[in-house]
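J.: Dumping the structure here so I can ask a few things about it.
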Amino acid sequence: MSKTAIIRARVEPSLKEGAERIFRRLGVSTTQAIAMFYKQVALRQGLPFEVAIPTKKTRRTFQATDAGRDVVLCRDAGDMFKKLGI
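According to the working numbering, the stretch in the sequence shown is residues 15 to 100, in order.
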């Protein structure tokens, strides 16, 4: 049996609870999920997802959306396509 190392991290309680809820739905423990993350980092020689600083346009769009500006609500996908003219 291989030795194990202990990892300690501090995260917001709501983030931890939300992630653990997803892990349960996936049928994996937090330990297994962290091990998968580490394995992907080692395999890819970097983070297994893109990390980027949002552009000014993206930040403005997020701010407008958060403020409720330029938001179009759709009942379903069909309604969205109709409003987009697709």
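Glycine included, C-beta positions come from ideal geometry on N, C-alpha and C.
Spatial neighbours of F37 within its chain, please: C-beta separation below 7 angstroms, excluding the five flanking residues on both sides.
T.: Numbered from 1 along the sequence shown, position 23 holds the residue referred to as residue 37. Around F37: S43, T44, A47.
J.: Which residues mark the beginning and the end of the alpha helix (DSSP H) in which D80 is found?
T.: On the sequence shown, position 66 is the one that residue 80 refers to. Looking at the DSSP string, the run of the alpha helix (DSSP H) that includes D80 is 70-80.
J.: With distances taken Cα to Cα, identify the nearest neighbour of T69 among P62, F63, Q77.
T.: Residue mapping note: residue 69 aligns to position 55 of the sequence shown, counting from 1. Here the closest residue by C-alpha is Q77.
J.: Using only CA atoms, which one of D90, T75, G92, A91 lies nearest to D84?
T.: As a first step, residue 84 must be located in the sequence shown, where it is residue number 70. Of the candidates D90, T75, G92, A91, the one whose C-alpha sits nearest the C-alpha of D84 is T75.
J.: Smallest Cα separation from I20: which of A49, Q59, E31?
T.: For the purposes of this step, residue 20 is taken as residue 6 along the sequence shown, with counting starting at 1. Among A49, Q59, E31, the Cα nearest to that of I20 belongs to A49.
J.: With DSSP collapsed to three states, give me the class of E31.
T.: Taking the sequence shown and counting its residues from 1, one reaches residue 31 at position 17. Here E31 sits in helix by DSSP.
J.: Helix, strand or coil, according to DSSP, for L61 in the structure here?
T.: Counting from one through the sequence shown, the residue named residue 61 turns up at place 47. In this structure, L61 counts as coil in the three-state DSSP scheme.
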